[in-house]
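Visitor:
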Amino acid sequence: MKKIALLGSTGSIGTQTLEIVRRQEDLQVTALAAGSNAALLEQQIREFLPEFAVLWDEKAASDLRVRVQDLNVTVLSGMEGLLTIAAAPGSEILVTAIVGMLGIRPTIAAIEAGKAIALANKETLVTAGHIIMPLARAKNVPILPVDSEHSAIFQSLNGETENKIHKIFLTASGGPFRGKKKEDLQHIQVEDALKHPNWSMGKKITIDSATMVNKGLEVMEAKWLFDVTLGQIQVVVHPQSVIHSMVEYEDGAVMAQLGTPDMRLPIQYALYYPKRRCLPGKRLDFFELANLTFEKPDLDTFHGLKLAFTAMEKGGNLPTAYNAANEKAVSLFLQKKISFLQIPELIQACMERCKFTKQPDVEEILETEADVYAYIESRW
Ligand code: NAD
Ligand code: MG
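Letter by letter, the sequence shown follows residues 16 to 395 of the working numbering.
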């Protein structure tokens with residue numbers, strides 16, 4: 016029986032993780048955590064009977080405690096709750112599927128407790144990769160990527176431990192505005208940006224795909240996960256989302272993972288690595304796929320992607336400024352308070368005013384985040 020703790024159980028990745036648990040008889044959920052969806056969390060507690068559950072807000076958690084008192088579950092709240100379940104002895108793997116930098120501290124706690132990490136929460140690596148990766152190596156804990164591109168790279172590295180990566184081709188669908196120019200994007204509405212052509216995901220990451228900031232975050236995530244330089248990562252726009260990413264080796268051989276766009280595959284692969292399990296769903300039909308096409312990313316229109324390369328090159332706390340500014344900007348865009356094109360503008364402004372720290376510790380990362388939030392809140 017494999018025992019898993021799941022942060023972000025009510026979200027897009029979280030609910031798909033539970034779909035896998037439901038189908039497999041040798042997976043057991045020992046802890047569930049969610050932000051505010053108490054009704055769904057209660058349903059999940061009743062179905063999966065974890066030892067622990069966490070709701071962020073203490074008042075909501077105390078209401079839930081009363082509602083589930085017929086069950087043998089301990090309901091906790093806040094960061095304390097997340098840290099407790101990340102390190103609790105009952106689980107062997109932590110699936111981190113929350114959004115934002117909130118994921119950093121629980122991930123560190125889980126690694127310190129010797130748990131394997133199935134990582135969807137890319138913000139943790141983007142902002143704290145320099146802390147997480149050495150710690151995981153020191154504790155001999157695997158970081159198993161759940162992000163589909165990184166899972167594809169991870170799968171393409173199978174059996175190649177002796178061989179160096181020459182290049183990574185990180186594929187991107189290009190989002191709903193592929194081929195558009197800046198002038199075309201001036202009056203984009205929230206509803207348009209939420210229409211992803213291939214993947215169905217949470218709102219934040221769907222907007223990030225439309226701005227291509229998601230690909231920027233993924234470039235940084237790949238750099239940390241696979242220990243490559245920025246020059247070794249090439250973003251390739253591939254609108255069909257069939258090739259999920261590729262690795263080129265020194266002899267020119269390119270290995271790729273292909274499949275229909277279904278996040279359950281990378282989630283399940285991380286849970287059972289290195290084994291594969293049956294996963295019912297639509298399969299690729301190569302006769303139906305008339306062609307696979309590739310384009311260079313348009314860094315002028317999708318300026319947010321270009322800024323990610325700058326943030327990563329300079330390093331330090333700049334990726335944090337990039338990520339925090341984007342989180343705030345996306346939230347303002349979703350509230351219709353700023354325009355689509357203002358998202359990269361805000362990111363750039365926050366990067367320019369960021370007080371640079373070369374090796375930020377967790378405190379300094381969270382200070383940079385708070386500083387960016389305060390700046391944006393004071394102006395918008
Ligand atoms: P989502 O918004 O659908 O879900 C987020 C989850 O986090 C929810 O369960 C929410 O309750 C929980 N959460 C939020 N605030 C919390 C708090 N304060 N305390 C505890 N829990 C809290 O997001 P998602 O799309 O599932 O994405 C999750 C992560 O996975 C993100 O980092 C995203 O970039 C990454 N990711 C998602 C996908 C995808 O297909 N959705 C693909 C690749 C990577
Ligand atoms: Mg991805």
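Virtual Cβ for every residue (Gly too), placed ideally from N, Cα, C.
(1) Give the C-beta separation of LYS230 and THR316 to the nearest angstrom, bearing in mind that I take them to be a contact with Cβ-Cβ under 8 angstroms.
(2) Kindly indicate which residue of GLY296, ALA237 and LEU47 has the alpha-carbon position closest to the one of ASP277.
(3) Using the Cα positions of LYS182 and ILE248, report the straight-line distance between them to the nearest angstrom.
(4) Should ALA125 and THR111 be called a contact, given that it needs their Cβ atoms to be closer than 9 angstroms?
(5) Note down the Cα distance separating ILE108 from ASP199, rounded to an integer number of angstroms.
(6) Helix, strand or coil for LEU475 per DSSP?
(7) Taking its Cβ as the centre, do 16 or more other Cβ atoms sit within 10 Å of TRP239, making it buried, or is it exposed?
(8) What are the residues that DSSP puts in a beta bridge with MET366?
(9) By DSSP, does SER224 sit in helix, in strand, or in coil?
(10) With DSSP collapsed to three states, give me the class of VAL269.
(11) Using 9 angstroms as the threshold, is the C-beta distance between ILE203 and ALA225 below it?
(12) Could you compute how far the alpha carbon of LEU91 sits from the alpha carbon of LEU21?
(13) Ignoring anything shorter than 3 residues, give me the beta strand (DSSP E) runs that lie fully in the region 74 to 135, in order along the chain.
(14) Looking at ligand 2, does it come within less than 8 angstroms of ASN229, judged from the CB to the closest heavy atom?
(15) If you compare alpha carbons, which of PHE355, ILE282, LYS154 and ASN87 is closest to PHE169?
(16) Would you identify the three-state DSSP class for MET216, choosing helix, strand or coil?
(17) With C-beta atoms as the reference, is ASP223 less than 9 angstroms away from VAL345?
(18) For ALA134, which of GLY29, ASN341 and GLU367 has the nearest alpha-carbon?
Guide: So, to answer that:
(1) Your numbering for residue 230 matches position 215 in the sequence shown. Your numbering for residue 316 matches position 301 in the sequence shown. With a Cβ gap of about 13 angstroms, LYS230 and THR316 do not count as contacting.
(2) Along the sequence shown, read from residue 1 onward, the residue named residue 277 stands at position 262. Nearest option by C-alpha distance: GLY296.
(3) Residue mapping note: residue 182 aligns to position 167 of the sequence shown, counting from 1. Residue mapping note: residue 248 aligns to position 233 of the sequence shown, counting from 1. Rounded to the nearest angstrom, the two C-alpha atoms are 6 angstroms apart.
(4) Against the sequence shown, residue 125 aligns to sequence position 110. Against the sequence shown, residue 111 aligns to sequence position 96. Yes, the Cβ-Cβ distance between ALA125 and THR111 is below 9 angstroms.
(5) As a position in the sequence shown, residue 108 is number 93, starting the count at 1. As a position in the sequence shown, residue 199 is number 184, starting the count at 1. Between the C-alpha atoms of ILE108 and ASP199 there is a straight-line separation of about 45 angstroms.
(6) Examination of residue 475 is not possible in this model, given that the chain is present from 16 through 395 alone.
(7) Here residue 239 refers to the residue found at position 224 when the sequence shown is read from its first residue. It counts as buried.
(8) Here residue 366 corresponds to residue number 351 of the sequence shown, with the count starting at 1. For MET366, which the question treats as bridged, DSSP gives no partner whatsoever.
(9) Translated into the one-based positions of the sequence shown, residue 224 becomes position 209. Of the three classes helix, strand and coil, the one that applies to SER224 here is helix, per DSSP.
(10) Reading the sequence shown from its first residue, position 254 is the one you call residue 269. VAL269 falls in the strand class under three-state DSSP.
(11) Numbered from 1 along the sequence shown, position 188 holds the residue referred to as residue 203. Numbered from 1 along the sequence shown, position 210 holds the residue referred to as residue 225. Their beta carbons are under 9 angstroms apart, which means ILE203 touches ALA225 by this criterion.
(12) The count along the sequence shown starts at 1 and reaches residue 91 at position 76. The count along the sequence shown starts at 1 and reaches residue 21 at position 6. In a straight line, the C-alpha of LEU91 is about 14 angstroms away from that of LEU21.
(13) 89 to 92, 108 to 111 and 131 to 134
(14) As a working note, residue 229 is residue 214 in the sequence shown. At a cut-off of 8 angstroms, the beta-carbon of ASN229 counts as near ligand 2: some heavy atom of the ligand is closer than that.
(15) Position 154 of the sequence shown holds residue 169. The residue with the shortest Cα to Cα distance from PHE169 is ILE282.
(16) For this step, residue 216 is matched to residue 201 along the sequence shown. In this structure, MET216 counts as coil in the three-state DSSP scheme.
(17) Residue mapping note: residue 223 aligns to position 208 of the sequence shown, counting from 1. Residue mapping note: residue 345 aligns to position 330 of the sequence shown, counting from 1. VAL345 sits close to ASP223, with the two beta carbons spaced by under 9 angstroms.
(18) In the sequence shown, residue 134 corresponds to position 119, counting from 1. According to the sequence shown, residue 134 is Leu rather than Ala. Comparing Cα-Cα distances from LEU134 to each of GLY29, ASN341 and GLU367, the minimum goes to GLY29.
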